[in-house]
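S.K.:
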Amino acid sequence: MHKLPQARPQPLLARILTRYAYLRVKWLCNICRGWLFGQCAVCVAFGVAGEGATACCGGYLEMLFMFLRLATVGFITGLLALAGCQTVQRVNIPPASDQAAYQPQPYSKPLPPDAYGPPATGNPYGTHQALPDEAAYVQAYQAQREPRVMVVIVYPKVTAQGYKKLPISDTDYHAVQLSTIDYLNANGQVDIQSPELAKQVLNRESFLRMQNGDPAVLPLLKHQLNTDVVVEIQASPTAQSSSSQGAVRLLAQALSTTDARILGVAYVDMPLPASKTNINMYTGYLSDKIMQKLAAVWNGSPQAFNPITVRIYHAATVDDVLKIKHFIQKVPGVTRVIDRGITGNTQTAYGQLAVQYSGSPDDFYSALKQELGVSTGLKAVDLQNNTLDLDITGPMILKTTTITTTRKIRTETDTTTKTVNNNPIMPAGNGQ
104 MHKLPQARPQ PLLARILTRY AYLRVKWLCN ICRGWLFGQC AVCVAFGVAG EGATACCGGY
164 LEMLFMFLRL ATVGFITGLL ALAGCQTVQR VNIPPASDQA AYQPQPYSKP LPPDAYGPPA
224 TGNPYGTHQA LPDEAAYVQA YQAQREPRVM VVIVYPKVTA QGYKKLPISD TDYHAVQLST
284 IDYLNANGQV DIQSPELAKQ VLNRESFLRM QNGDPAVLPL LKHQLNTDVV VEIQASPTAQ
344 SSSSQGAVRL LAQALSTTDA RILGVAYVDM PLPASKTNIN MYTGYLSDKI MQKLAAVWNG
404 SPQAFNPITV RIYHAATVDD VLKIKHFIQK VPGVTRVIDR GITGNTQTAY GQLAVQYSGS
464 PDDFYSALKQ ELGVSTGLKA VDLQNNTLDL DITGPMILKT TTITTTRKIR TETDTTTKTV
524 NNNPIMPAGN GQ
């Protein structure tokens with residue numbers, strides 16, 4: 104029988120190294136037990152499997168995890184402590200005089216603070232305060248023989264969705280109208296006709312046309328209400344404004360009812376909300392601009408063309424109207440006469456002239472009568488505002504004209520003087 108070969112005994116140093124390696128493997132197994140398929144990954148790596156791989160780790164894993172948790176908490180606490188102890192960085196605040204650091208605040212146009220601010224204190228609360236151009240406006244109004252003024256507002260009609268989805272109602276638009284009337288009334292110094300009077304005098308169709316801003320209604324206001332000037336305000340919402348909350352654009356124009364001539368215009372964007380303060384401020388700005396334009400026209404400013412409308416009634420022929428036109432051109436103070444239409448038939452003729460005169464209509468009529476002399480054939484049947492109606496009531500003989508002709512022939516001088524008498528202007532129906 105052969106004996107199995109006996110293993111050679113290992114040297115002492117080899118046994119010590121083997122034992123040391125075993126202990127190291129066991130310590131590593133205590134760390135990583137159960138991380139891989141319920142067994143120790145290190146044991147698997149070194150060939151130790153089965154129960155030996157599971158039982159090799161002992162009870163040290165929980166102690167290791169506790170140590171790791173304590174170390175993590177300490178590390179995070181240290182970081183927070185270091186971060187909290189840093190010095191706060193200070194920033195130097197620039198002085199108020201530094202224009203580069205402080206930009207000017209935007210303001211709501213067209214009312215810049217340095218051009219036109221809100222009216223005087225108290226006006227936003229309803230108390231009347233004189234506007235900058237009110238004194239000149241009242242003076243020109245009195246010099247113009249106190250024309251009758253009416254303020255009309257035109258605004259979009261309400262729909263199911265409201266006024267283009269803006270929080271504004273017809274009552275707010277009427278507040279704009281009343282505020283403008285209060286300014287133009289100049290604390291009772293200027294008579295303003297009530298727009299409700301037009302509702303009673305005009306028929307329904309004409310009144311609706313007036314509310315829609317139809318200029319064809321102006322002659323009706325002139326003849327039925329004796330209105331001389333209509334201040335029309337067109338109010339409509341607009342998205343083209345600097346206000347982020349929306350705005351209402353107010354367009355104002357002063358119209359002469361005699362010939363629909365525009366006497367002055369102004370406009371402004373009123374930001375929402377339509378509070379009493381906003382309405383009073385922006386209608387005050389609008390009214391002051393209208394006052395300025397009307398004062399310039401009524402005072403006969405050289406830059407403003409404000410002719411006197413002269414109507415000639417009951418002339419026999421169109422030629423008689425033309426004779427009166429040429430005669431008016433020679434009246435002192437008259438700078439220009441424009442023919443606005445002359446018509447006639449076999450019985451009568453009618454003409455309308457626009458006379459630019461440096462004075463009031465009554466002064467013009469006085470100068471005209473002075474030029475006519477003792478003639479009683481021309482009579483003013485209506486004299487108001489800037490309108491003068493003339494009626495030919497009898498024979499009107501214009502001034503005789505003296506013509507002097509001087510001729511020089513060599514050394515002789517021959518002077519001939521002749522007097523030409525104008526044919527009298529007869530009223531219609533009497534012939535010449």
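For the working numbering, count along the sequence shown from 1 and bump the result up by 103.
We put the CB at the ideal spot given by N, CA and C, even for glycine.
From a predicted model like this one, the values you see are computed outputs, not experimental measurements.
Where does E308 fall in DSSP's three states?
M.R.: Three-state DSSP puts E308 in a helix.
S.K.: Under DSSP, the alpha helix (DSSP H) around T283 begins and ends at which residues?
M.R.: First-last of the alpha helix (DSSP H) with T283: D273 to L287.
S.K.: Would you mind sorting F178 into buried or exposed? The rule is 16 or more other CB atoms within 10 Å of its CB.
M.R.: Counting Cβ neighbours within 10 Å, F178 comes out exposed, since fewer than 16 surround it.
S.K.: In or out: R251 buried (at least 16 other Cβ within 10 Å) or exposed?
M.R.: That one is buried.
S.K.: Checking 8 Å against the spacing of the C-beta atoms, do L456 and V400 come in under that value?
M.R.: Not closer than 8 Å, so no.
S.K.: Quick one: residues in its chain with C-beta nearer than 6 Å to the C-beta of Y547, no 5 flanking neighbours on either side, listed in chain order?
M.R.: Residue 547 cannot be examined here, being either before or after the span of the chain that is shown, 104 to 535.
S.K.: Please list, in chain order, all residues of the same chain as Q303 whose beta carbon is under 7 Å from its beta carbon, the five residues on each side excluded.
M.R.: Closer than 7 Å at the Cβ level, and outside the excluded window around Q303, lies no residue.
S.K.: At what residue ranges does the segment 443 to 501 contain a whole run of the beta strand (DSSP E), taking only runs of 3 or more?
M.R.: Counting only runs of 3 or more, we get 452 to 460, 481 to 487 and 490 to 495.
S.K.: When you compare only the Cα positions, how much space is there between T274 and N381?
M.R.: Computed Cα separation, rounded: 15 Å.
S.K.: Buried or exposed: which applies to V484, given that a residue is buried once 16 or more other Cβ atoms fall within 10 Å of its Cβ?
M.R.: So V484 ends up on the exposed side.
S.K.: Throw me the rounded Cβ distance for the S346 and P259 pair, which I believe falls under 8 Å.
M.R.: Not really, about 18 Å apart at Cβ, beyond 8 Å.
S.K.: Which same chain residues, not among the five before or five after Q395, have their C-beta less than 7 Å away from its C-beta?
M.R.: Hits under 7 Å: D236.
S.K.: G444 to P435, Cα distance in whole Å?
M.R.: If you take the alpha carbons of G444 and P435, they lie about 24 Å apart.
S.K.: Apply the 10 Å Cβ neighbour rule to G454 and answer buried if 16 or more other Cβ atoms are within range, or exposed otherwise.
M.R.: Under this definition G454 is a buried residue.
S.K.: In chain order, what residues of the same chain lie with their CB nearer than 8 Å to the CB of Y468, ignoring the 5 residues before and after it?
M.R.: A483, L486 and L491, listed in sequence order.
S.K.: With burial defined as no fewer than 16 other Cβ atoms inside 10 Å of the residue's Cβ, what is the status of H326: buried or exposed?
M.R.: It is exposed - the Cβ of H326 has fewer than 16 other Cβ atoms within 10 Å.
S.K.: Helix, strand or coil for T175 per DSSP?
M.R.: Three-state DSSP puts T175 in a helix.
S.K.: So, helix, strand or coil for L234, using DSSP?
M.R.: Three-state DSSP puts L234 in coil, outside helix and strand.
S.K.: Taking the CB atoms as reference points, tell me whether T283 and S378 lie closer together than 8 Å.
M.R.: Against a cut-off of 8 Å, the Cβ pair of S378 and T283 comes out as no contact.
S.K.: Going by DSSP, what residues sit across from E299 in a beta bridge?
M.R.: BP columns for E299 are empty, so no partner.
S.K.: State the beta-bridge partners of T341 as determined by DSSP.
M.R.: Its beta-bridge partners are A350.
S.K.: Quickly, what does DSSP pair G387 with across the bridge? List them, please.
M.R.: Answer by DSSP bridge pairing: none, since G387 is not bridged.
S.K.: Under 8 Å, do V257 and E335 count as touching if we go by C-beta distance?
M.R.: Yes, the pair counts as a contact, with Cβ atoms nearer than the cut-off.
S.K.: Can you tell me whether T360 is helix, strand or coil according to DSSP?
M.R.: Three-state DSSP puts T360 in coil, outside helix and strand.
S.K.: Between V458 and I431, which are expected to be in contact by the criterion C-beta below 8 Å, what is the C-beta distance as a whole number of angstroms?
M.R.: Right, their Cβ atoms sit about 6 Å apart.
S.K.: Rounded to the nearest angstrom, what separates Q343 and Y370 at their Cα positions?
M.R.: Cα to Cα, Q343 sits roughly 14 Å from Y370.
S.K.: Near V440, what residues of its chain come up, given a Cβ to Cβ distance below 8 Å and the 5 sequence neighbours on each side ignored?
M.R.: K428, I431, Q432, L456, A457, V458 and Q459.
S.K.: Quick one: Cα of N489 to Cα of V437, how far?
M.R.: The alpha-carbon atoms of N489 and V437 are separated by roughly 14 Å.
S.K.: Going by CA-CA distance only, name the one from D423, A174 and G447 that's closest to G497.
M.R.: The option with the nearest alpha carbon to G497 is D423.
S.K.: With a 10 Å radius around its C-beta and 16 neighbouring C-beta atoms as the bar for buried, classify G291 as buried or exposed.
M.R.: G291 comes out exposed.
S.K.: How should S359 be labelled, buried or exposed, when 16 other C-beta atoms within 10 angstroms of its C-beta is the threshold for buried?
M.R.: It is buried - the Cβ of S359 has at least 16 other Cβ atoms within 10 Å.
S.K.: Once the 5 residues before and after N402 are set aside, which same chain residues still bring their CB inside 6 Å of it?
M.R.: Correct list, in chain order: A243.
S.K.: Residues in the same chain with beta-carbon distance under 6 Å from L354, minus the five sequence neighbours each way, listed in chain order, please.
M.R.: Only Q337 and Y370 meet the Cβ criterion.
S.K.: Would you give the residue range spanned by the beta strand (DSSP E) that V371 belongs to?
M.R.: Taken as a continuous stretch (DSSP letters only), the beta strand (DSSP E) holding V371 covers I365 to P374.
S.K.: Quick check on the burial criterion: 16 or more other C-beta atoms within 10 angstroms. Buried or exposed for D372?
M.R.: By the neighbour-count rule (16 or more Cβ atoms within 10 Å), D372 is buried.
S.K.: Select from N315, Y385, L375 and V421 the residue whose C-alpha is nearest the C-alpha of P270.
M.R.: It is L375 whose Cα lies nearest to the Cα of P270.
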